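In the working numbering, the protein residues as written are 35 to 349. Glycine included, each C-beta is placed from N, C-alpha and C at the ideal position. Treat the numbers as computed from the prediction; the structure is a model and nothing was measured.
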């Protein structure tokens, strides 16, 4: 059986420098956006009241914002929810007002503009206290931190340290770019998106481990070839598996994105970005980082035990 049984001979690592420049550019843009614009935290983290309203016709968000500002809700965030006839209003916590009173005032202000109570229907009201939101923010950040620490320990024990650094680099790359997209587009960042980020970490690591395992095997089995050539062979051998895994995952994620509804729209969006970026990083970022650190065949050869030659000569 031939070790390299795939006809593909794509020189992935031959374009590693342009790929690394692209990755660095995306990371710089993402970090810059996170520093300047931040994340558009959902009510799960910030606390406040969500009021979902149904209109008989398409709602003009500019008019809704103006009406709410005149009624004393200038800090309200207004957006469409699903269709142009559904409006979601998010209001920060107000002292002395519970969610029922707050939603009633919002509905009264909007109905007064439209001239009647029959025009607008209140669909849903949710309230999250500011203390609960702060606790969720802290717990969510700790969950991500603990996941990264656990993964760091795992890859450090499983792989040679250059591979471990490459795997962690790919993980950080995927998470920062995904968060950067949410920051740039100011998409809602809620608990479902945080869950998607944690899922992206696991997905990206699994894909990277498959590639690294094949690289490690080929470093030992192939007697000739530079580290770059061995890595290219390994990436080509695992390419079909990588693309098939990504494709089948994307089928489910796209279905959730299109038909899952607004409640999991952020979750599906984060997974969609993460799967695409994670596939790219497994091919280019992780392997390129290990190669840049100078990994070689000698680093992966098993250590010979002292006296092994003498044992082989004994009858």
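Cα-Cα separation between residue i and residue j, rounded to whole angstroms
| i | j | result |
| --- | --- | --- |
| residue 190 | residue 279 | 25 Å |
| residue 47 | residue 233 | 27 Å |
| residue 261 | residue 114 | 53 Å |
| residue 268 | residue 298 | 37 Å |
| residue 103 | residue 50 | 52 Å |
| residue 306 | residue 237 | 12 Å |
| residue 327 | residue 240 | 21 Å |
| residue 101 | residue 53 | 49 Å |
| residue 258 | residue 246 | 19 Å |
| residue 337 | residue 220 | Residue confidence is low: residue 337 scores 48 on pLDDT, short of 50, so the model does not pin down where it sits. Its coordinate-derived value is still stated next. So the alpha carbons of these two residues sit roughly 52 Å apart. |
| residue 135 | residue 173 | 30 Å |
| residue 211 | residue 324 | 20 Å |
| residue 95 | residue 112 | 7 Å |
| residue 57 | residue 207 | 8 Å |
| residue 196 | residue 140 | 57 Å |
| residue 92 | residue 109 | 23 Å |
| residue 282 | residue 209 | 21 Å |
| residue 106 | residue 97 | 14 Å |
8 Å Cβ cutoff, residue i in contact with chain C
| i | result |
| --- | --- |
| residue 60 | In the structure shown, chain C cannot be found, because there is only a single protein chain. |
Supposed contact pair residue j and residue i - C-beta distance, whole angstroms, cut 8 Å
| i | j | result |
| --- | --- | --- |
| residue 350 | residue 86 | The structure shown does not extend to residue 350, since the chain is modelled only from 35 to 349, so the question has no answer here. |
| residue 284 | residue 235 | Not really, about 18 Å apart at Cβ, beyond 8 Å. |
| residue 231 | residue 178 | 6 Å |
| residue 124 | residue 217 | Incorrect: roughly 18 Å between the Cβ atoms, too far for contact. |
Cβ shell of residue i (< 8 Å), same chain only, five flanking positions each side left out
| i | result |
| --- | --- |
| residue 214 | 60, 61, 63, 64, 65, 67 and 68 |
| residue 313 | 241, 276, 277 and 280 |
Chain-order list of residues whose beta-carbon lies under 6 Å from that of residue i (same chain, five-residue window excluded)
| i | result |
| --- | --- |
| residue 162 | 77 and 81 |
| residue 157 | 86 and 88 |
| residue 155 | 88 |
| residue 256 | 264 |
Sequence-distant residues of the same chain with beta carbon closer than 7 Å to residue i, five excluded per side
| i | result |
| --- | --- |
| residue 133 | 83, 159 and 161 |
| residue 222 | 74, 76 and 300 |
Residue i Cβ short of 7 Å to the ligand HEM heavy atom set
| i | result |
| --- | --- |
| residue 133 | With respect to small molecules bound, the structure shown includes none, and the ligand HEM cannot be examined in it. |
Spell out a yes or no on whether the region 71 to 84 and the region 43 to 62 are touching, meaning 3 or more CB-CB pairs, one atom from each, closer than 8 Å. no
contact_flag[the region 79 to 89, the region 126 to 133] where n(CB pairs < 8 Å) is 3 or more: yes
Those runs of the alpha helix (DSSP H) which lie wholly inside the region 255 to 315 and span at least 4 residues: 261 to 293 and 299 to 314
Pairs of beta-carbons, one from the region 284 to 299 and one from the region 178 to 190, closer than 8 Å: are there three or more? no
Quick one: any contact between the region 309 to 324 and the region 196 to 208, if contact means 3 or more CB pairs under 8 Å? yes
Ranges of the alpha helix (DSSP H) found wholly within the region 177 to 256, counting only runs of at least 4: 195 to 219 and 225 to 255
Taking one C-beta from the region 218 to 230 and one from the region 248 to 256 each time, how about it: are there three or more such pairs within less than 8 Å? no
Which complete beta strand (DSSP E) runs does the region 106 to 131 hold, if anything under 3 residues is left out? 111 to 115 and 117 to 125
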